[in-house]
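**Student:**
In full-length UniProt numbering, the protein residues as written are 1 to 400.
1. Measure the C-alpha to C-alpha separation of residue 333 and residue 302 and round it to an integer number of angstroms.
2. Which word fits residue 363, buried or exposed, when buried means at least 16 other C-beta atoms lie within 10 angstroms of its C-beta?
3. What alpha helix (DSSP H) runs, 4 residues minimum, are completely inside the segment 234 to 303?
4. Please classify residue 157 as buried or exposed, where buried requires at least 16 neighbouring CB atoms within 10 angstroms.
5. Residues in its own chain within less than 6 Å of residue 198 by CB, not counting five upstream and five downstream?
6. For residue 43, which three-state DSSP category applies?
7. Return helix, strand or coil for residue 316, following the three-state DSSP convention.
8. According to DSSP, simplified to helix, strand and coil, what is residue 323?
9. In this structure, how does DSSP classify residue 371 when only helix, strand and coil are distinguished?
10. Rounded to a whole number of angstroms, what is the C-alpha to C-alpha distance between residue 206 and residue 374?
11. Does the segment 270 to 283 come into contact with the segment 303 to 318, if we say contact requires no fewer than three beta-carbon pairs (one atom in each stretch) closer than 8 Å?
12. For residue 361, count the other beta carbons within 10 Å of its own beta carbon; 16 or more makes it buried, fewer makes it exposed. Which is it?
13. Just tell me which of 237, 129, 91 and 315 has its CA closest to the CA of residue 353.
14. Look up residue 376 in the DSSP assignment and give the residues it is bridged to.
15. Is the beta carbon of residue 138 closer than 7 Å to that of residue 225?
16. Can you list, in chain order, the residues of its chain whose CB lies under 7 Å from that of residue 252, leaving out five sequence neighbours each side?
17. Since residue 91 is in the alpha helix (DSSP H), which residue starts that stretch and which ends it?
18. Can you check the segment 188 to 235 for any alpha helix (DSSP H) of at least 4 residues that lies completely inside it and give the ranges in chain order?
19. By Cβ distance below 8 Å, which residues in the same chain neighbour residue 173 in space, the five residues on each side in sequence not counted?
20. Excluding the 5 residues flanking residue 67 on each side, which residues of the same chain have their C-beta closer than 8 Å to its C-beta?
21. Could you give the DSSP three-state label for residue 121: helix, strand or coil?
22. Does DSSP classify residue 175 as helix, strand or coil?
23. Could you tell me if residue 358 is buried or exposed, where buried requires 16 or more neighbouring beta carbons within 10 angstroms of its beta carbon?
24. Helix, strand or coil: which one does DSSP assign to residue 403?
25. Considering just the uninterrupted stretch of the alpha helix (DSSP H) at residue 351, what are its terminal residues?
26. So for residue 395, helix, strand or coil by DSSP?
27. Whose C-beta lies closer than 6 Å to the C-beta of residue 144 among residues of the same chain, with five residues either side of it excluded?
28. Give a yes or no on contact between the segment 207 to 220 and the segment 316 to 331, applying the rule of three or more CB pairs nearer than 8 Å.
29. Can you give me the start and stop residues for the alpha helix (DSSP H) that residue 138 sits inside?
30. Compute the Euclidean distance between the alpha carbons of residue 148 and residue 367, then round it to the nearest angstrom.
31. Just to confirm before moving on: does the CB-CB distance between residue 268 and residue 305 stay below 7 Å?
32. Short of 7 Å in beta carbon distance, which residues of its chain neighbour residue 371, apart from the five on each side in sequence? Order them along the chain.
33. Exposed or buried, residue 40, counting other C-beta atoms within 10 Å across all chains shown (16 or more means buried)?
34. Would you mind sorting residue 42 into buried or exposed? The rule is 16 or more other CB atoms within 10 Å of its CB.
Shown next, in the form of structure tokens:
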């Protein structure tokens, strides 16, 4: 039978000291770069509170201090929003400003998300649900793939964050580039403070995105392990086997539901701001008749706009692709059970009833990666979003 208890001591998951790692240790080993980065900036909060009263009060003070810092660092973004060129004619410069402010709002929301994710112990709860459902067999089978996905996501987001930090440093701390926003009220004395807070937000922004992608991958590989076992099992017609897979699938869905509970609103923010930012930048390209490439500000606007387009496009592709993978793996059991019902093989007693009951329950809820509890990311949603954006852009450009 698949999904039996796994003796983790038989597997050597450490490349350095040779010690055997359990599921918590393996997850901690993979995500070690994120923890080190958060610890370096003082924003790592996912640790157990000490039992001693003095140390416990110190840990609580740390959490409160980071929460206050999240409010403080959002002030430059709130003030910059006052200067959004909404009613001005759309140009490449104004579109760049709008997209930059949207990116800064992403960083603020990412900081808040990381505080909520760590203080609610979301990672530990997902790990416990994963262990209760499948003992981590999906992660064990595809340990290398999960590690590669995490490292690719961590590396790419750090490169993007580093590029934006370099741009802000050049804008705020030197005279080589103009300020990123329009007529901000900050003086030269406050510019280093604004840069420091923006850099801090960009670091947490990269870690927050890596966290989302990593746990989407974890969920996908666990459902994939169930997918493989169902496909290879020739005893699915037996009632105990069917009940076993239904039970494991329902437990894995609890892991997905908890992820949606904590992260769906953050993903909704990323998707909406990325879509609006791309929409504004694309419209600006079509609205601009001629550009003077000899002007320094024009070249800066083009370079920053290309960077923003790459950033937003990368976010959308990553979230949509990984969410569609999760959706496919979650829904495989429905097709497998449907094929079992439609087959000519004689089913055991209660197998048909169990299959029909679970299918009705499954399609009533339609599980998947949620966007703020509003919609589930699937192919229909993606196609509808693309058609809507195409129609809106066509009408706004007067080419309908």
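Glycine residues also receive a C-beta, built at the ideal position from the N, C-alpha and C atoms. As the structure is a prediction and not an experimental result, all values here were calculated from the model.
**Tutor:** Well, looking at it:
1. 48 Å
2. exposed
3. 239 to 287
4. buried
5. 168
6. coil
7. helix
8. helix
9. strand
10. 25 Å
11. yes
12. exposed
13. 237
14. 370
15. yes
16. 133, 134, 222, 223 and 226
17. No alpha helix (DSSP H) holds residue 91; DSSP gives it neither H nor E.
18. 191 to 232
19. 191, 192 and 195
20. 115
21. coil
22. coil
23. buried
24. This structure does not reach residue 403, given that the chain is present from 1 up to 400, and the question cannot be answered.
25. 351 to 365
26. helix
27. none
28. yes
29. 137 to 141
30. 27 Å
31. no
32. 264, 267, 268, 271 and 377
33. exposed
34. exposed
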